[in-house]
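Below is one structure; the comments refer to it alone.
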Amino acid sequence: TPGAIDDFVGHLNRVISGEVKYQHDIIPGTIERFYDVLYFKNFNNAIFSKLQK
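Quick note: the sequence shown uses our numbering, first residue 68, plus one each step.
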């Protein structure tokens, strides 16, 4: 939830303490679509597909 600073800080503290662990080998594959080049390519395709209809 935006603005939930206490929740964020609590989660961050659990990561720092080692209580919560992330699968670092999986994360890059899940964020690939948000990389600038891919994001703007997909954004451009979405706009032009609507304009062509």
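In this text, a Cβ means the ideal position worked out from N, Cα and C, and glycines have one as well. In this text the structure is predicted, and so the values were computed from the model without any measurement.
(message) Quick check on DSSP: helix, strand or coil for residue 87?
(response) coil
(request) Determine the direct distance from the alpha carbon of residue 69 to that of residue 82, and round the result to whole angstroms. (result) 20 Å
(request) Rounded to whole angstroms, what's the CA-CA distance from residue 110 to residue 116? Just pull it up for me. (result) 10 Å
(request) Would you tell me roughly how many angstroms separate the C-alpha atoms of residue 76 and residue 118, rounded to the nearest one? (result) 43 Å
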